[in-house]
Amino acid sequence: MSKNVSEQLLDILQGVGVEKVYGVTGDALNFFVKAIEERDGVDWIGMKHEGNASFAAFGHSQTTENLAVCAGTVGPGALHLINGLYNAKKERTPVIAITGQINQKQQGTSFFQEVDLKKVFDDVCDYQAIIETPEQAPMVIQRAIKIAMANNAVCRIELPANVAEMKAENEQFVHPIKKYVSSLVPEESVVIEAANLLNNAKTIGILAGDGCRESRAAVIELSKKLNAPITHSLRASDIFDHDTDNVVGLTGLIGNPSGYNAVMKCDLLLMLGTDFPYIDFLPHETKTIQVDIRQENIGNRTAVSLGVWSDISSFLEILNPKVEQKEDTTFIDKLIKNFEDWKGNMKEQASPSRENEPLHPQIFADLVNEHASNDAIFTVETGTSAIWAAHHISFYSQRRLIGSFNHGSMAVGLPSAIGAQMANPKKEIWCLSGDGAFNMAMQDFITAVKYELPIKVLIFNNSELSFVKLEMEQVGLAASLDALHETNVNFAEYAKLCGGDGVRVEHAKDIDAAVLQAKNSKKPFIIDAVVSSGALSLPPHIGIKEAIGFGTSKLKEVGQVISGDKKQWGNLKKELQSYFD
């Protein structure tokens with residue numbers, strides 16, 4: 120029996136190891152879904168929303184480094200995929216999006232659900248395989264897959280409804296596809312120049328990003344020779360964790376003072392594998408060496424004294440023997456001491472003895488850190504949940520951290536946890552989410568129940584968009600409490616209603632048991648953590664602009680209290696109570 124184009128597409132995907140397809144089916148995808156149903160070794164993972172499907176594919180790919188696939192049908196179904204695909208693009212994660220399209224005979228007539236998907240997806244995709252004929256299909260399908268794998272990029276395959284069921288052609292063009300690995304080695308003269316700059320500098324700071332993932336040991340070796348503190352990006356938190364030698368933490372809005380000062384107060388900054396975007400937290404008068412595999416990143420955020428186009432492993436293999444051992448440890452010793460003091464302060468903030476209610480969110484994050492397995496995967500939402508994770512969880516051993524660190528999208532946590540659990544069935548998956556973000560994606564908790572995925576979801580339930588509040592106050596606005604307010608259900612009861620399990624925690628004495636209950640649950644589990652919206656996390660450095668912004672904001676809020684605004688008075692009381700408890 121001859122195969123159709125949909126079956127041929129599935130053959131090619133299985134040939135590169137695809138075992139799951141995340142999506143919502145419909146018309147143009149029905150032949151493709153039917154092919155999956157009749158095939159061993161591949162499963163259709165039916166999601167409740169296509170946006171969650173694309174985030175799930177991101178979570179799958181990000182935790183395995185393998186190609187992942189999501190799918191949405193014509194028009195609206197395809198459009199829903201966009202946000203998760205942008206996240207995959209910005210995180211450089213290989214994902215194929217399969218979208219339907221209306222029958223070719225109707226295209227160009229403003230037919231029902233007709234959308235020019237080529238235009239819509241043009242920015243997010245490195246390549247789009249628009250299948251127009253069965254003869255063309257195997258060539259463009261394979262090209263899309265090759266580009267996604269080679270560039271760690273998003274590519275799209277468009278399957279018109281009428282083509283999906285046509286007889287497959289040109290089977291002889293289908294061939295094995297491999298991901299080729301190579302090194303980008305710099306010229307030795309450039310490395311010698313970098314070594315001379317490093318050897319002549321008195322104090323050096325290292326800012327390390329995700330590009331160091333394959334060269335952790337070499338970065339630490341260099342750090343010890345130079346007595347250079349290591350500051351890392353959020354995405355690199357699971358490479359250079361809190362307990363790694365010479366690591367002094369994060370910089371940026373959610374960073375800590377030692378991480379900030381290591382970058383800002385050195386004589387020479389060495390940027391390794393990072394396109395750190397926050398220019399207010401980079402020095403612009405300091406000598407800087409930047410090494411990156413993507414040439415366009417070099418000098419992208421701050422002027423550099425020397426740019427090196429290379430992967431980090433190749434660069435350090437040549438550089439490290441040329442670097443002289445430095446003896447003066449004054450700079451790094453002070454920063455390490457400050458980092459230890461900061462970690463001690465974070466531990467005090469997370470003490471269960473702080474029984475004020477609503478509870479401090481730090482306590483929950485610290486106890487998750489204590490009980491989670493050494494190879495747990497954490498998905499973190501965009502917002503204050505990322506702050507509590509960065510400050511209170513050490514991603515040591517084989518732990519992983521994923522999120523929307525470059526795209527900055529809400530609603531990444533739950534669906535990426537689903538994808539991560541699907542791809543890593545034997546690992547412990549924790550999702551740390553704010554209530555606002557969970558509300559955006561909560562329908563697919565039912566999907567986790569359907570597929571019996573034992574994900575653990577910690578929801579920081581403060582009935583508020585807290586990070587947006589921080590953004591408002593930073594620019595001098597009084598918090599718009601009505602706009603920031605979140606009306607929530609009892610999330611633990613919701614988990615049970617869906618067929619999972621959960622517990623609502625309102626007292627400090629119950630937190631430890633709740634975390635252990637989640638850890639040991641065989642069902643999807645929600646900890647509904649009722650926490651204070653007054654918990655503050657200030658940036659590691661507050662400049663004049665920020666001081667004026669926060670000061671102006673608080674003056675406006677006090678003014679509203681004086682004029683009789685009871686909601687604003689409640690807001691200020693929560694902040695003061697949280698600060699002084």
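Note that this note's numbering numbers the sequence shown so that position 246 is 365, with each residue one more than the last. Don't be surprised by glycine CBs; every beta carbon is placed ideally from N, CA and C.
Pair within 8 Å by beta-carbon distance, residue 200 and residue 169: yes
Inter-residue CB distance, residue 257 and residue 127 (contact presumed, cutoff 8 Å): The C-beta distance from residue 257 to residue 127 rounds to 6 Å, short enough to fall under 8 Å.
Can you check which of these residues, 407, 218, 287, is closest to residue 131 by C-alpha distance? 287
Please list the terminal residues of the continuous beta strand (DSSP E) segment that includes residue 411. 406-411
Rounded to the nearest angstrom, how far is the Cβ of residue 701 from that of residue 323, given a contact under 8 Å? The question about residue 701 has no answer here: the residues shown for the chain are numbered 120 through 700.
Can you tell me which of the three DSSP states residue 636 falls into? In the three-state reduction of the DSSP assignment, residue 636 falls in the helix class, which pools H, G and I.
Runs of alpha helix (DSSP H) wholly within the stretch 492-555 (minimum 4 residues, chain order): 503-511, 532-542
Under the rule that 16 or more other beta-carbon atoms within 10 Å means buried, what is residue 551, buried or exposed? buried
Contact between the stretch 481-488 and the stretch 504-513 is defined here as three or more beta-carbon pairs at a separation below 8 Å; is this criterion met? yes
Across the stretch 541-549 and the stretch 213-229, are there enough close Cβ pairs to call them in contact, namely three or more that are closer than 8 Å? no
Does the beta-carbon of residue 351 have 16 or more other beta-carbons within 10 angstroms, so that it is buried, or is it exposed? buried
Test item: CB-CB of residue 171 and residue 536 under 8 Å: no
Going by Cα to Cα distance, which pick from 292, 252, 236, 232 is closest to residue 261? 292
Taking the alpha carbon of residue 317 as the reference point, which residue from 176, 268, 407 has its own alpha carbon closest? 407
Spell out the partners DSSP gives residue 388 in its beta bridges. 324, 407, per the DSSP bridge assignment.
As a quick exercise: from 244, 252, 207, pick the residue whose alpha carbon is nearest that of residue 224. When only C-alpha atoms are compared, the closest one is 252.
With H, G and I counted as helix, E and B as strand and the rest as coil, what does DSSP make of residue 580? strand
Alpha carbon to alpha carbon, what distance is there between residue 145 and residue 391? 45 Å
For the stretch 466-476 against the stretch 360-371, are there 3 or more C-beta pairs whose distance is under 8 Å? no
Residue range of the alpha helix (DSSP H) that residue 335 falls in? Looking at the DSSP string, the run of the alpha helix (DSSP H) that includes residue 335 is 335-345.
What's the C-alpha gap between residue 75 and residue 417? Beyond the ends of the chain as shown, which are 120 and 700, falls residue 75; an answer cannot be given.
Suppose the cutoff is 6 Å on Cβ atoms and the five residues either side in sequence are ignored; what does the same chain contact list for residue 134 look like? Residues of the same chain with a CB within less than 6 Å of the CB of residue 134, apart from the 5 flanking positions on each side, do not exist.
Apart from the five residues just before and just after residue 250, which ones in its own chain have a Cβ nearer than 8 Å to its Cβ? 124, 256, 259, 260, 276, 277, 278, 279, 282
Taking only beta-carbon positions, decide if residue 294 is within less than 8 Å of chain D. Protein chains in the displayed structure number just one, and chain D is not present.
To which residues of the same chain is residue 307 closer than 7 Å at the C-beta, ignoring the five residues directly before and after it? 437
To the nearest angstrom, report how far apart residue 197 and residue 505 are at their CA atoms. 29 Å
Which two residues bound the contiguous alpha helix (DSSP H) that contains residue 220? Per DSSP, residue 220 belongs to no alpha helix (DSSP H); it is in the beta strand (DSSP E), 214-220.
Kindly confirm or deny that the stretch 328-344 and the stretch 292-305 touch, where touching means at least three C-beta pairs closer than 8 Å. no
Taking 7 Å as the cut-off, does the CB of residue 434 come closer than this to any heavy atom belonging to the ligand FAD? The model on display carries no ligand, and the ligand FAD is accordingly not part of it.
At the level of alpha carbons, what is the spacing between residue 520 and residue 248? Note on geometry: alpha-carbon atoms of residue 520 and residue 248 lie some 32 Å from one another.
CA-CA distance, residue 154 and residue 214? 20 Å
Residue 403, buried or exposed, once every other Cβ within 10 Å from all chains shown has been counted against 16: By the C-beta density criterion, residue 403 is exposed, having fewer than 16 other C-beta atoms within 10 angstroms.
Between residue 705 and the rest of its own chain, which residues show a CB-CB distance below 8 Å, the 5 nearest in sequence each way excluded? What is shown of the chain runs 120 to 700, which leaves residue 705 out entirely.
Of the residues 598, 632, 581, the one placed nearest residue 607, counting alpha carbons only: Taking only the C-alpha atoms, the option nearest residue 607 is 581.
Tell me whether residue 659 is buried or exposed, calling it buried when 16 or more other Cβ atoms sit within 10 Å of its Cβ. buried
Have a look at residue 374 and residue 233 and give me their C-alpha separation to the nearest angstrom. 46 Å
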